Amino acid sequence: MSKSNRLFDLMQTLRRHNGPVPGTELAREAGVSLRTIYRDIATLQAMGADIEGEPGFGYILKPGFLLPPLMFSQQELQALTLGAQWVGRQTDDDLAFAAQNAIAKIGSVLPSELRHLLTDNAFHVGRNSPETPAVDLRIVRRAMREQFKLQLAYRDPKGNETLRIIWPIMLGFIDSKRFVAGWCEFREGFRTFRADRIERVELIEERYPGRRRDLAKRWRALADEERKMDLNKSPES
Numbered sequence: 000m001s002k003s004n005r006l007f008d009l010m011q012t013l014r015r016h017n018g019p020v021p022g023t024e025l026a027r028e029a030g031v032s033l034r035t036i037y038r039d040i041a042t043l044q045a046m047g048a049d050i051e052g053e054p055g056f057g058y059i060l061k062p063g064f065l066l067p068p069l070m071f072s073q074q075e076l077q078a079l080t081l082g083a084q085w086v087g088r089q090t091d092d093d094l095a096f097a098a099q100n101a102i103a104k105i106g107s108v109l110p111s112e113l114r115h116l117l118t119d120n121a122f123h124v125g126r127n128s129p130e131t132p133a134v135d136l137r138i139v140r141r142a143m144r145e146q147f148k149l150q151l152a153y154r155d156p157k158g159n160e161t162l163r164i165i166w167p168i169m170l171g172f173i174d175s176k177r178f179v180a181g182w183c184e185f186r187e188g189f190r191t192f193r194a195d196r197i198e199r200v201e202l203i204e205e206r207y208p209g210r211r212r213d214l215a216k217r218w219r220a221l222a223d224e225e226r227k228m229d230l231n232k233s234p235e236s
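Positions 0 to 236 (numbering that gives the first Met the number 0) are the ones given, in order, by the sequence shown.
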């Protein structure tokens with residue numbers, strides 16, 4: 000649970016009680032340590048909550064305090080809705096559903112005068128081409144999240160199929176193309192695989208070494224270096 004959600008739940012717990020609530024009870028309900036409760040109480044007090052009490056006595060919330068509403072500028076809301084629309088139309092069903100949920104959550108806490116911006120059709124994102132291959136991105140995302148290896152049946156530009164075991168580190172979305180970047184055990188190096196050439200994908204529940212984000216940084220650094228070398232090449236070379 001995020002800290003913001005925990006603070007909100009703590010406020011709700013204090014509101015439910017008419018008298019002082021022991022810190023141990025607050026910790027039990029929140030499923031956190033007593034020390035965390037002490038820190039959260041101090042945070043709420045710094046934000047303006049009129050909470051009286053002290054360790055060993057209990058805490059009581061005086062009426063009249065509300066957590067500040069979530070505020071965005073008009074451009075920030077447009078950026079969020081555009082991003083959600085892109086995710087909904089260019090990725091897969093699970094991410095599209097998550098994007099819709101995120102926008103709904105934002106709308107539920109926005110002031111009424113800004114809520115209409117979430118449905119303002121100022122932008123349009125085209126839907127993913129039906130020719131894009133039906134590689135299940137959920138499998139790839141799970142493999143990246145849990146650092147599991149993937150086995151790919153991959154077709155090279157000549158049409159030859161090879162089996163590759165990779166350590167997936169990143170998904171790429173460029174125009175209508177989809178890419179999976181990772182460390183290829185067969186090539187012993189970083190490779191980028193076009194999704195339209197992946198015939199089959201299988202999750203191997205075996206964790207690859209290191210941290211995914213560290214591998215992604217290495218891959219980005221190598222890609223940047225190769226790009227600089229290409230730019231520095233003379234036309235005659």
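Note that beta-carbon positions come from the ideal geometry of N, C-alpha and C, so glycine has one too. Since the model is a prediction, treat every value here as computed from it, not as a measurement.
Q. For L9, does the three-state DSSP call read helix, strand or coil?
A. In the sequence shown, residue 9 corresponds to position 10, counting from 1. Here L9 sits in helix by DSSP.
Q) Mind pulling the beta strand (DSSP E) runs of 3 or more residues that sit fully within the stretch 31-86? A) 50-53, 57-60
Q. Ends of the beta strand (DSSP E) at E187?
A. Position 188 of the sequence shown, counted from the start, is the residue given in the question as residue 187. Here E187 belongs to no beta strand (DSSP E), and DSSP marks it neither H nor E.
Q.
I need the DSSP call for V108, collapsed to helix, strand or coil.
A. The count along the sequence shown starts at 1 and reaches residue 108 at position 109. Of the three classes helix, strand and coil, the one that applies to V108 here is helix, per DSSP.
Q. Quick one: what does DSSP say F96 is sitting in, helix, strand or coil?
A. By 1-based counting over the sequence shown, the position of residue 96 is 97. Three-state DSSP puts F96 in a helix.
Q | Integer-rounded CB distance, given that L117 should sit under 8 angstroms from E201 | A | Along the sequence shown, read from residue 1 onward, the residue named residue 201 stands at position 202. Along the sequence shown, read from residue 1 onward, the residue named residue 117 stands at position 118. That belief does not hold up - the Cβ atoms of E201 and L117 are roughly 39 angstroms apart, past 8 angstroms.
Q: Closer than 7 angstroms by C-beta to A98: which residues in its own chain qualify, once you throw out the five before and the five after it? Chain order, please.
A: As a working mapping, residue 98 is identified with position 99 in the sequence shown. Contacts found: A83, V86, G87.
**Q.** Alpha carbon of D92 to alpha carbon of A152, nearest angstrom
**A.** Taking the first residue of the sequence shown as 1, we reach residue 92 at position 93. Taking the first residue of the sequence shown as 1, we reach residue 152 at position 153. Roughly 24 angstroms separates the two Cα atoms.
(Q) In the DSSP output, which residue or residues are listed as bridge partners for I164? (A) Translated into positions along the sequence shown, residue 164 becomes position 165. DSSP output for I164 lists Q150 as bridge partner(s).
(Q) Tell me the DSSP secondary structure of V139 in three-state form. (A) In the sequence shown, residue 139 corresponds to position 140, counting from 1. DSSP places V139 in helix when its eight states are reduced to three.
(Q) In the DSSP assignment, the beta strand (DSSP E) including L202 goes from what residue to what residue? (A) The residue labelled residue 202 in the question sits at position 203 within the sequence shown. Element bounds for L202: 197-206.
**Q.** Nearest neighbour of E187, chosen from W166, S175, L170 [CA to CA]
**A.** As a working note, residue 187 is residue 188 in the sequence shown. Comparing Cα-Cα distances from E187 to each of W166, S175, L170, the minimum goes to W166.
Q: Would you mind giving the Cβ-Cβ distance between W218 and A180, rounded to the nearest angstrom? I have them listed as a contact below 8 angstroms.
A: As a working mapping, residue 218 is identified with position 219 in the sequence shown. As a working mapping, residue 180 is identified with position 181 in the sequence shown. Their Cβ separation, rounded to whole angstroms, is 6 angstroms, which keeps W218 and A180 in contact under 8 angstroms.
Q: Give a yes or no on whether the C-beta atoms belonging to T191 and F172 are separated by under 7 angstroms.
A: Counting from one through the sequence shown, the residue named residue 191 turns up at place 192. Counting from one through the sequence shown, the residue named residue 172 turns up at place 173. In this structure, F172 does not lie closer than 7 angstroms to T191 by Cβ.
**Q.** Touch test, the stretch 36-45 against the stretch 72-83, Cβ-Cβ under 8 angstroms, three pairs minimum
**A.** no
Q. From E225 to F189, what does the alpha carbon distance come to, in whole angstroms?
A. As a position in the sequence shown, residue 225 is number 226, starting the count at 1. As a position in the sequence shown, residue 189 is number 190, starting the count at 1. Going by the C-alpha atoms only, they are around 12 angstroms apart.
Q | Buried or exposed (CB count within 10 angstroms, at least 16 for buried), L162 | A | Looking up residue 162 in the sequence shown gives position 163. That one is exposed.
Q) For A121, which of helix, strand or coil comes out of DSSP? A) Within the sequence shown, numbered from 1, the residue matching residue 121 stands at position 122. In this structure, A121 counts as coil in the three-state DSSP scheme.
Q: With a threshold of 16 other CB atoms inside 10 Å of the CB of V108, please say whether the residue is buried or exposed.
A: Walking along the sequence shown from the start, residue 108 turns up at place 109. Result: exposed.
Q.
Strictly by DSSP, which residues pair up with M169?
A. What you label residue 169 is simply residue 170 of the sequence shown in a count that begins at 1. Answer by DSSP bridge pairing, in chain order: A180.
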